[in-house]
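*Asks:* Here you go, one structure.
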RNA sequence: CGGGAUGUAGCGUAGUCCGGUCAUCGCGCCUGGUUUGGGACCAGGAGGUCGCAAGUUCGAAUCUUGCCAUCCCGACCA
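Residue numbers (my numbering): 1 to 491.
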């Protein structure tokens with residue numbers, strides 16, 4: 001088992017402040033539990049955003065934007081929703097400051113108290129459904145397939161860099177449909193989009209499933225999720241897609257007239273992924289040398305470092321690199337040529353390893369003579385000398401290989417740490433020592449789930465989709481069970 | 001919100017028990033030179049409200065009280 005990655009994200013923050021001070025992934029800001037995403041980290045997020053956005057549009061969705069502030073009254077219309085979020089909301093009560101008459105700084109102007117408090121959105125279901133009410137009258141207005149890129153705030157009692165920050169960036173899709181079947185189809189479709197994105201782009205294998213009632217989103221009928229295993233064997237919920245039934249339509253009175261002339265409430269879904277995915281990326285692939293980024297999301301896929309003694313040598317290398325760079329860029333490969341004279345080659349090598357650049361090309365006088373370059377890959381740290389001839393195809397192929405290797409490596413880790421368990425003793429042993437995922441029988445009751453959680457810290461991550469049906473007995477209660485469910489300790 | 005710890009230069013730190021040449025060291029930064037195929041070396045230099053406030057004292061980074069912030073463990077967590 002790899003070293004405990006609980007704090008690996010924190011480690012990175014430390015490295016960046018300590019060693020690579022100028023180009024960082026992120027650091028804790030002065031604001032409680034919030035995160036500053038520095039340019040290099042943001043470039044990764046932008047690549048993720050661009051691909052997700054494309055996938056949403058390919059499935060018929062459009063983007064829109066709704067207000068940051070939600071009147072308190074909206075928020076309380078769906079009972080279970082308020083139960084789920086009430087304890088972690090930032091509330092705006094005043095709209096003005098004034099100079100402190102007793103000297104010193106500024107104070108809140110008590111005369112500027114809001115008639116009704118505003119909640120800083122922890123998620124946008126309520127304000128969006130309040131808006132949808134005015135947009136939907138007929139079956140002709142459906143389906144309504146909208147996504148929002150936004151920030152949300154959840155005043156968590158305890159925050160954790162990347163994984164649970166007080167403010168985070170995400171996208172939230174909110175759709176309205178004429179039938180339950182169509183809404184469920186949408187929920188599952190978006191779960192597939194997330195799973196595809198995680199596996200094909202982030203190189204993170206995921207298990208698709210549904211949550212137990214205990215773990216369900218506040219206000220949902222059914223919550224679907226993708227669960228990933230981090231290097232330390234802990235689970236991370238990487239994305240969720242909710243079938244909301246008619247709960248929000250009823251709470252906000254969103255009705256439509258069907259073809260048959262009958263009035264009915266619309267059916268809803270919502271789905272989201274967040275900057276938590278950046279945490280997943282770090283915790284899945286990185287090693288003790290720093291970040292390891294999958295080529296498809298890396299801001300720079302290739303970095304070229306010149307090695308030279310004289311200006312004349314550098315000039316000749318510059319010319320050769322311009323040629324190589326052009327060929328690579330013609331293949332849509334993102335290349336950075338770092339010929340800064342202010343840092344030495346060894347320094348640059350280390351720097352780009354921290355940053356997780358998948359491929360490094362070094363070129364010096366020796367290479368000019370031999371028409372070669374030194375190619376190093378970040379994932380295995382192997383180096384080889386290649387002829388420049390046809391370099392663009394070689395690199396293109398190498399990037400694909402790295403992408404595949406990262407996925408396979410992560411998948412292998414999951415396979416190695418996946419346990420099938422039939423007794424509670426063994427279950428306790430594994431959760432206490434080895435960690436990893438456990439497939440075990442469960443009697444289906446929230447009470448058993450709760451007891452297991454209290455005794456072992458492990459929770460039911462999901463009931464996998466297309467789960468194999470087999471007769472067994474619950475490891476805890478001994479009652480009959482029809483299938484195994486996925487247990488793990490989670491972030 | 002409970003338990004624990006921490007706060008000293010951009011980053012990481014020594015010193016706090018036992019108050020007094022005590023503001024230490026490393027990295028980074030600046031200047032000059034030599035270097036450059038895995039985080040170079042030499043010489044010189046800049047940089048500090050010791051988290052904030054009050055108190056004790058001839059004297060406080062050090063002791064006392066209060067506050068603030070951060071981290072860890074819990075509770076909580078779409």
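Don't be surprised by glycine CBs; every beta carbon is placed ideally from N, CA and C. Model, not experiment: these values are computed from the prediction.
By DSSP's criteria, residue 69 is part of a beta bridge. Which residues make up the other side?
*Replies:* Paired residues: 120.
*Asks:* Evaluate residue 176 with the Cβ neighbour count: other Cβ atoms within 10 Å of its Cβ, from every protein chain shown; 16 or more gives buried, anything less gives exposed.
*Replies:* buried
*Asks:* I'd like to confirm the pairing. Which residues does DSSP put opposite residue 276 in its beta bridges?
*Replies:* None; residue 276 has no bridge partner.
*Asks:* Would you mind sorting residue 69 into buried or exposed? The rule is 16 or more other CB atoms within 10 Å of its CB.
*Replies:* By the neighbour-count rule (16 or more Cβ atoms within 10 Å), residue 69 is not buried but exposed.
*Asks:* If we call anything under 8 Å between Cβ atoms a contact, is residue 171 one with residue 147?
*Replies:* At the C-beta level, residue 171 and residue 147 come within 8 Å of one another.
*Asks:* Please go through the region 353-423 and give each complete beta strand (DSSP E) segment of 3 or more residues, from N-terminal end onward.
*Replies:* Fully enclosed beta strand (DSSP E) runs of 3 or longer: 359-364, 372-377, 383-387, 418-420.
*Asks:* Can you tell me which of 364, 277, 246, 379 puts its alpha carbon nearest to the alpha carbon of residue 311?
*Replies:* 364
*Asks:* Please list the segments of the alpha helix (DSSP H) lying wholly inside the region 217-276, counting only runs of 4 or more residues, in order along the chain.
*Replies:* 247-251
*Asks:* In angstroms, rounded to a whole number, what distance separates the CA positions of residue 234 and residue 94?
*Replies:* Rounded to the nearest angstrom, the two C-alpha atoms are 42 Å apart.
*Asks:* Between which two residues does the alpha helix (DSSP H) containing residue 463 stretch?
*Replies:* Per DSSP, residue 463 belongs to no alpha helix (DSSP H); it is in the beta strand (DSSP E), 459-464.
*Asks:* Can you tell me where the beta strand (DSSP E) with residue 97 in it begins and where it stops?
*Replies:* Residue 97: member of the beta strand (DSSP E) spanning 97-99, first to last residue.
*Asks:* Express the C-alpha separation of residue 378 and residue 351 in angstroms, rounding to a whole number.
*Replies:* Going by the C-alpha atoms only, they are around 12 Å apart.
*Asks:* Which word fits residue 16, buried or exposed, when buried means at least 16 other C-beta atoms lie within 10 angstroms of its C-beta?
*Replies:* In this prediction, residue 16 scores a pLDDT of 44, lower than 50, which makes its location untrustworthy; the coordinate-derived value is nonetheless stated afterwards. With 16 or more Cβ atoms within 10 Å of its Cβ, residue 16 is classed as buried.
*Asks:* Should the region 459-471 be called in touch with the region 211-226, which here means at least 3 C-beta pairs below 8 Å?
*Replies:* yes
*Asks:* For a minimum of 4 consecutive residues, which ranges assigned as the alpha helix (DSSP H) are wholly contained in the region 275-338?
*Replies:* 276-285, 311-330
*Asks:* Using C-beta distances below 7 Å, list every residue in its chain close to residue 394, excluding the 5 sequence neighbours before and after it, in chain order.
*Replies:* The answer, listed in chain order, is 386.
*Asks:* At which residues does the alpha helix (DSSP H) containing residue 130 begin and terminate?
*Replies:* 125-135
*Asks:* Using 8 Å as the threshold, is the region 53-72 in touch with the region 189-199, meaning 3 or more CB pairs across them?
*Replies:* yes
*Asks:* Let's see if you can read the secondary structure: which residues bound the beta strand (DSSP E) around residue 93?
*Replies:* 91-94
*Asks:* Return the Cβ separation of residue 162 and residue 48 in integer angstroms, given the expectation that the two are a contact with Cβ distance under 8 Å.
*Replies:* Contact annotation, residue 162 with residue 48: C-beta distance approximately 13 Å; criterion of less than 8 Å not satisfied.
*Asks:* If you compare alpha carbons, which of 448, 416, 456, 410 is closest to residue 431?
*Replies:* 456
*Asks:* If you compare alpha carbons, which of 228, 439, 381, 322 is closest to residue 491?
*Replies:* 228
*Asks:* Quick test of the definition: if touching needs 3 or more C-beta pairs under 8 Å, does the region 245-263 touch the region 311-320?
*Replies:* no
*Asks:* Which of the three DSSP states, helix, strand or coil, is assigned to residue 471?
*Replies:* strand
*Asks:* Beta-carbon within less than 6 Å of residue 169's beta-carbon, same chain only, minus the 5 sequence neighbours each way: which residues are those?
*Replies:* 151, 275
*Asks:* By the DSSP assignment, the beta strand (DSSP E) with residue 483 in it spans what residues?
*Replies:* 480-488
*Asks:* Do you know how far the Cα of residue 174 is from the Cα of residue 13?
*Replies:* In this prediction, residue 13 scores a pLDDT of 45, lower than 50, which makes its location untrustworthy; the coordinate-derived value is nonetheless stated afterwards. The alpha-carbon atoms of residue 13 and residue 174 are separated by roughly 34 Å.
*Asks:* Closest to residue 355 by CA distance: which of 339, 249, 125, 290 is it?
*Replies:* Answer by Cα proximity: 290.
*Asks:* Tell me which residues share the same chain as residue 489 and place their Cβ nearer than 6 Å to its Cβ, disregarding the 5 neighbours each side in the sequence.
*Replies:* 234, 457, 458
*Asks:* State buried or exposed for residue 263, treating a residue as buried only when at least 16 other CB atoms are found within 10 Å of its CB.
*Replies:* exposed
*Asks:* Determine the extent of the alpha helix (DSSP H) in which residue 190 is found, giving its start and end residues.
*Replies:* 180-196
*Asks:* Here's a check: name, in chain order, each residue in its chain whose Cβ is nearer than 7 Å to the Cβ of residue 454, leaving out the five neighbours to either side.
*Replies:* none
*Asks:* Who pairs with residue 170 in a beta bridge, going by DSSP?
*Replies:* 150, 274
*Asks:* By the three-class DSSP mapping on this structure, what secondary structure does residue 434 have?
*Replies:* coil
*Asks:* Expressed to the nearest angstrom, what Euclidean distance is found between the alpha-carbon atoms of residue 114 and residue 398?
*Replies:* 59 Å
*Asks:* Between residue 138 and the rest of its own chain, which residues show a CB-CB distance below 8 Å, the 5 nearest in sequence each way excluded?
*Replies:* 256, 257
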